[in-house]
Every structure is written in structure tokens, then in C-alpha cells.
Amino acid sequence: MQDSHESVNSNTPKLIICQQPVRARCSGNGATDFRSLDPTPVLQVISNINHSKSDNDWFVAASIWSIDKNNNLDKEVEGLMFGNTFVGSRSLVDETGKVGTFFVFPNLYIKYEGIYRIVFRLIKLTSSDRQSFLPQTEVIDVIQTEPLQAFLPKNFPGKSNPSIMMHVFAHQAHDLRPRNL
Numbered sequence: 000m001q002d003s004h005e006s007v008n009s010n011t012p013k014l015i016i017c018q019q020p021v022r023a024r025c026s027g028n029g030a031t032d033f034r035s036l037d038p039t040p041v042l043q044v045i046s047n048i049n050h051s052k053s054d055n056d057w058f059v060a061a062s063i064w065s066i067d068k069n070n071n072l073d074k075e076v077e078g079l080m081f082g083n084t085f086v087g088s089r090s091l092v093d094e095t096g097k098v099g100t101f102f103v104f105p106n107l108y109i110k111y112e113g114i115y116r117i118v119f120r121l122i123k124l125t126s127s128d129r130q131s132f133l134p135q136t137e138v139i140d141v142i143q144t145e146p147l148q149a150f151l152p153k154n155f156p157g158k159s160n161p162s163i164m165m166h167v168f169a170h171q172a173h174d175l176r177p178r179n180l
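Counted from 1, the sequence shown has number 2 at position 3 by numbering that gives the first Met the number 0; the numbering is strictly sequential.
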């Protein structure tokens, strides 16, 4: 796992994973059976340039891939990963008191047992086409998780305790409160 406050040598924004998901309990079809990744994936944008004026134009899209990084499973297995696979940036204060631009995925679910990787794409809204009203976007950076395992409910080892980071974020935004906080 990378340090969430490492220095960046270029002016190009980079995505880092502040909190790496390691497991999931397979989720069913009913709303009461949704179980998010554990721990909650948290990413941050690191850059030498202050981008605060345009932070609302940044999004991260999540997709699920095979462990060997060769197959985008979103295209092969319909509904394998679901929930909020596309989130906007949030300006939050982390557990060290530093303000940053974060992307938090508290509602990301995996339906079937297996070992996977999640690939995150940092996307910038660059403009919109006034004729068709379609936004123009640019992928700025791509990062992937370490392998994570999705367990059947009977084999799930249990959720980990929420990190200090998630406690701090939950006090700033109620919708980031994990189920076990």
C-alpha cells in the first residue's frame, strides 16, 4: 500500500490508494443482503498543482478485473460488481489534519465468490459538447488494487474494524459512515 502523502515529481495528478480493500462478503439480490468491500476503498489525488477550483470535475470509475489483469470482468460477467462504481471527488480532512481530494467507495459490492482486482480510473471532465450536451472526458490516471477475495457468506471471516481515516471521514460526511461504525 502506498503512503497517502508521498511526493509527486510531475504536475500530472496521480491517484493513490489510501485504503486498500482486501475482502468482500458476496452480496445477494436483496437490499438487505448488500455487503460492501472491506475495508472501504479510499483513493486520493496527489499533485504539485493546486486543483481545488476544478475538483468537482474529477471522478473515479471502478471496474473489476481478473487477478492476472488480463480480463475486464465487467464485460464478461454481468452484475459481478455493482453499487456506486462511479464517484465524484470530496474535499476532506484526513486523520493527520491535512485537506485532500478523496474518492470514497462505501457502496461497492461483489456478487460472486473469487479473487479479483479493482481498477480505478481518474477521469477529468474537460468540457461539454453544446450540440449534443455530452460531456468530454479525459482519463488522467489508472491504478489497481492488490488482489482481494470475495467469500461466500458461510466462509466470510468477518468485517475489519473501521480505520481511523473512516472515523474521521464519517464525522465530515454522514453518507461515508460504514455499516459497522
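Quick reminder that beta carbons are idealized off the backbone N, C-alpha and C, glycines included.
| Asked | Found |
| --- | --- |
| Opposing strand residues paired with T136 [DSSP bridges] | L124 |
| Opening and closing residue of the alpha helix (DSSP H) in which Q171 lies | 163-171 |
| C-beta atoms of L42 and I15 nearer than 8 angstroms | yes |
| Residue interval of the alpha helix (DSSP H) (run including L72) | 72-75 |
| Buried versus exposed, by CB contacts within 10 Å (16 or more), I163 | exposed |
| Sequence-distant residues of its chain with Cβ nearer than 6 angstroms to I139 (five each side left out) | P12, L121, K123 |
| Identified DSSP bridge partners for L151 | Per DSSP, none; premise fails for L151. |
| Distance between D93 and H207 (C-alpha atoms, nearest Å) | A question about residue 207 goes unanswered here, because the residues of the chain that appear run from 0 up to 180. |
| For V86, the first and last residue of its enclosing beta strand (DSSP E) | 85-87 |
| Beta-bridge pairing of F182 - partner residues as DSSP gives them | Nothing can be reported for residue 182: it is not among the residues displayed for the chain, which extend from 0 to 180. |
| Reference A23; option with closest CA among P156, A172, P161 | P156 |
| Cα-Cα separation between K52 and K97, rounded to whole angstroms | Unreliable placement is indicated for K52, whose pLDDT of 47 sits below 50; no coordinate value is reported for it. |
| Outcome for C17 when other beta-carbon atoms lying within 10 angstroms are tallied against a minimum of 16 | buried |
| Separation of N71 from S62, as counted between CA atoms | 7 angstroms |
| CB of L91 within 8 angstroms of CB of P40, strictly | no |
| Three-state class that DSSP yields for D32 in the structure shown | helix |
| Cα-Cα separation between V86 and Y111, rounded to whole angstroms | 23 angstroms |
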